[in-house]
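**Student:**
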Amino acid sequence: MPEPTRGSVRYVSLDFDNTLLLSEASKQTTMREVCSRFEQGLDILSTISTDSRTAPPGTSVTRYTIFNEFASVLSERGLHSSDETAEALGERLATEFSELVQTRLAEADEVPGAAAMLAHLGAQQVPCCINSATPVEPLVQLIDALGWSDHFRGVWGAPGTKVDNLWLAARSRNLLPEEIVHVGDGDNDRKAAQEFGCPFIGVSDSPDGPDGKWAGASFAVVSDMHAACAKICEYADIPGPVW
6 MPEPTRGSVR YVSLDFDNTL LLSEASKQTT MREVCSRFEQ GLDILSTIST DSRTAPPGTS
66 VTRYTIFNEF ASVLSERGLH SSDETAEALG ERLATEFSEL VQTRLAEADE VPGAAAMLAH
126 LGAQQVPCCI NSATPVEPLV QLIDALGWSD HFRGVWGAPG TKVDNLWLAA RSRNLLPEEI
186 VHVGDGDNDR KAAQEFGCPF IGVSDSPDGP DGKWAGASFA VVSDMHAACA KICEYADIPG
246 PVW
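The number in my numbering is simply the position in the sequence shown, starting from 1, with 5 added.
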């Protein structure tokens with residue numbers, strides 16, 4: 006996945022959690038908080054895939070899949086004795102999680118440089134979209150609460166996959182895959198960009214990426230959105246920001 010040539014990129018696809026907003030830790034803490042109220046709740050939660058970045062290929066991970074599976078296992082173990090079905094319990098817990106986490110994330114810190122990058126790209130007429138594994142409705146609500154709605158030409162999330170969402174972005178502006186760059190912090194982001202056929206910018210505290218998976222990578226790896234913005238400006242052949 007080599008870096009694109011200068012001036013070839015015309016559209017920016019951005020992951021959300023821990024790419025623009027420091028949100029993953031809060032989501033995991035809130036999930037444990039909700040599940041810990043049940044006997045064996047944290048033990049059950051530990052058996053469930055809760056992070057789309059590390060989920061097996063082809064596995065959908067959203068708050069709905071997590072709490073549906075949690076409720077099913079809880080019921081199978083005989084730890085939920087009310088008349089409420091496992092399906093109804095899963096839906097209720099997902100709703101409770103959503104209400105808690107939305108309030109907390111509206112006050113979360115941005116990844117350094119995120120707002121400045123969005124403002125700069127907007128001023129330079131480079132369109133951006135969100136491409137996340139988070140369900141669309143709470144994602145749109147959160148972006149609105151953060152005051153970021155005007156920065157995006159599209160907000161795409163689950164149930165679509167990241168590859169699906171990249172195709173939506175391309176078709177929305179009649180672009181080829183190589184004219185879009187995807188930016189994200191997970192190896193699922195890299196895989197989506199590779200499958201779709203577009204350039205990728207990885208976001209990681211380590212130059213080797215998550216769990217060393219990006220060691221020796223031919224694509225750019227940056228530590229924050231200041232550095233990501235500089236790369237995007239290079240790929241789009243626009244003036245860089247003055248921080």
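Virtual Cβ for every residue (Gly too), placed ideally from N, Cα, C.
Rounded to the nearest angstrom, how far is the Cβ of Pro-244 from that of Gln-130, given a contact under 8 Å?
**Tutor:** Taking the first residue of the sequence shown as 1, we reach residue 244 at position 239. Taking the first residue of the sequence shown as 1, we reach residue 130 at position 125. That belief does not hold up - the Cβ atoms of Pro-244 and Gln-130 are roughly 12 Å apart, past 8 Å.
**Student:** Have a look at Trp-172 and Asp-20 and give me their C-alpha separation to the nearest angstrom.
**Tutor:** As a working mapping, residue 172 is identified with position 167 in the sequence shown. As a working mapping, residue 20 is identified with position 15 in the sequence shown. Straight-line Cα distance between these residues: approximately 15 Å.
**Student:** Beta carbon of Trp-161, beta carbon of Asp-169: below 9 Å?
**Tutor:** Here residue 161 is taken as the residue at index 156 of the sequence shown, counted from 1. Here residue 169 is taken as the residue at index 164 of the sequence shown, counted from 1. It is a contact, given that the beta carbons lie within the stated cut-off.
**Student:** In angstroms with no decimal places, state the Cα-to-Cα distance between Arg-176 and Ile-135.
**Tutor:** Here the question's residue 176 lines up with position 171 in the sequence shown. Here the question's residue 135 lines up with position 130 in the sequence shown. Going from the Cα of Arg-176 to the Cα of Ile-135 covers about 15 Å.
**Student:** Check the C-beta distance from Gly-118 over to Cys-234 and give it rounded, since I have them as a contact under 8 Å.
**Tutor:** Within the sequence shown, numbered from 1, the residue matching residue 118 stands at position 113. Within the sequence shown, numbered from 1, the residue matching residue 234 stands at position 229. At roughly 6 Å, the Cβ-Cβ gap stays under 8 Å, so Gly-118 and Cys-234 are in contact.
**Student:** If you draw a straight line from the C-alpha of Ser-178 to the C-alpha of Tyr-240, how long is it?
**Tutor:** If you number the sequence shown from 1, residue 178 lands on position 173. If you number the sequence shown from 1, residue 240 lands on position 235. Checking the sequence, you will find Arg at residue 178 rather than Ser. Distance between the alpha carbons of Arg-178 and Tyr-240 is about 18 Å.
**Student:** Taking one C-beta from the segment 11-29 and one from the segment 186-195 each time, how about it: are there three or more such pairs within less than 8 Å?
**Tutor:** With a cut-off of 8 Å, the segment 186-195 and the segment 11-29 count as touching, because enough Cβ pairs lie within range.
**Student:** Using a Cβ-Cβ cutoff of less than 8 Å, which residues in the same chain neighbour Leu-105 once the five nearest sequence positions on both sides are dropped?
**Tutor:** Taking the sequence shown and counting its residues from 1, the one referred to as residue 105 is at position 100. Around Leu-105: Thr-35, Glu-38, Val-39.
**Student:** Between the Cα of Ile-49 and the Cα atoms of Thr-64, Asp-56, Leu-84, Thr-59, which residue gives the shortest distance?
**Tutor:** Along the sequence shown, one-based indexing puts residue 49 at 44. Cα-wise, what sits closest to Ile-49 is Leu-84.
**Student:** Per DSSP, what are the beta-bridge partners of Phe-43 in this structure?
**Tutor:** Position 38 of the sequence shown, counting from 1, holds the residue named residue 43. Answer is none; Phe-43 lacks a bridge partner.
**Student:** With a threshold of 6 Å on Cβ separation, who are the neighbours of Pro-246 within its own chain once the five nearest residues in sequence on each side are excluded?
**Tutor:** Here residue 246 refers to the residue found at position 241 when the sequence shown is read from its first residue. Counting only Cβ-Cβ distances below 6 Å, and skipping sequence neighbours, we find His-125, Cys-234.
**Student:** Give me the DSSP bridge partner(s) of Phe-205.
**Tutor:** Along the sequence shown, read from residue 1 onward, the residue named residue 205 stands at position 200. Bridge partners of Phe-205: His-187.
**Student:** Look up Val-78 in the DSSP assignment and say whether it is helix, strand or coil.
**Tutor:** Residue 78 sits at position 73 when you count from the first residue of the sequence shown. In the structure shown, Val-78 sits in a helix (DSSP, three-state: H, G or I).
**Student:** Is the Cβ-Cβ distance between Phe-102 and Leu-79 less than 9 Å?
**Tutor:** Residue 102 sits at position 97 when you count from the first residue of the sequence shown. Residue 79 sits at position 74 when you count from the first residue of the sequence shown. Cβ atoms of Phe-102 and Leu-79: not closer than 9 Å.
**Student:** Quick check: what's the CA-CA separation for Thr-59 versus Asp-216?
**Tutor:** Residue mapping note: residue 59 aligns to position 54 of the sequence shown, counting from 1. Residue mapping note: residue 216 aligns to position 211 of the sequence shown, counting from 1. If you take the alpha carbons of Thr-59 and Asp-216, they lie about 10 Å apart.
**Student:** DSSP three-state label for Asp-149, please.
**Tutor:** Within the sequence shown, numbered from 1, the residue matching residue 149 stands at position 144. Here Asp-149 sits in helix by DSSP.
**Student:** Going along the chain, which residues of its own chain have a beta-carbon closer than 6 Å to the beta-carbon of Glu-29, five neighbours each way excluded?
**Tutor:** Along the sequence shown, read from residue 1 onward, the residue named residue 29 stands at position 24. Hits under 6 Å: Asp-22, Asn-23.
**Student:** Mapping the DSSP letters down to three states, classify Leu-19 as helix, strand or coil.
**Tutor:** Locating residue 19 in the sequence shown gives position 14, counting from the first residue. In the structure shown, Leu-19 sits in a strand (DSSP, three-state: E or B).
**Student:** Per DSSP, which residues does Cys-134 bridge with? Please list them.
**Tutor:** The sequence position of residue 134 within the sequence shown is 129, counting from 1. Bridge partners of Cys-134: Ser-18, Gly-159.
**Student:** Expressed to the nearest angstrom, what Euclidean distance is found between the alpha-carbon atoms of Val-145 and Ser-31?
**Tutor:** One-based indexing of the sequence shown puts residue 145 at position 140. One-based indexing of the sequence shown puts residue 31 at position 26. So the alpha carbons of these two residues sit roughly 18 Å apart.
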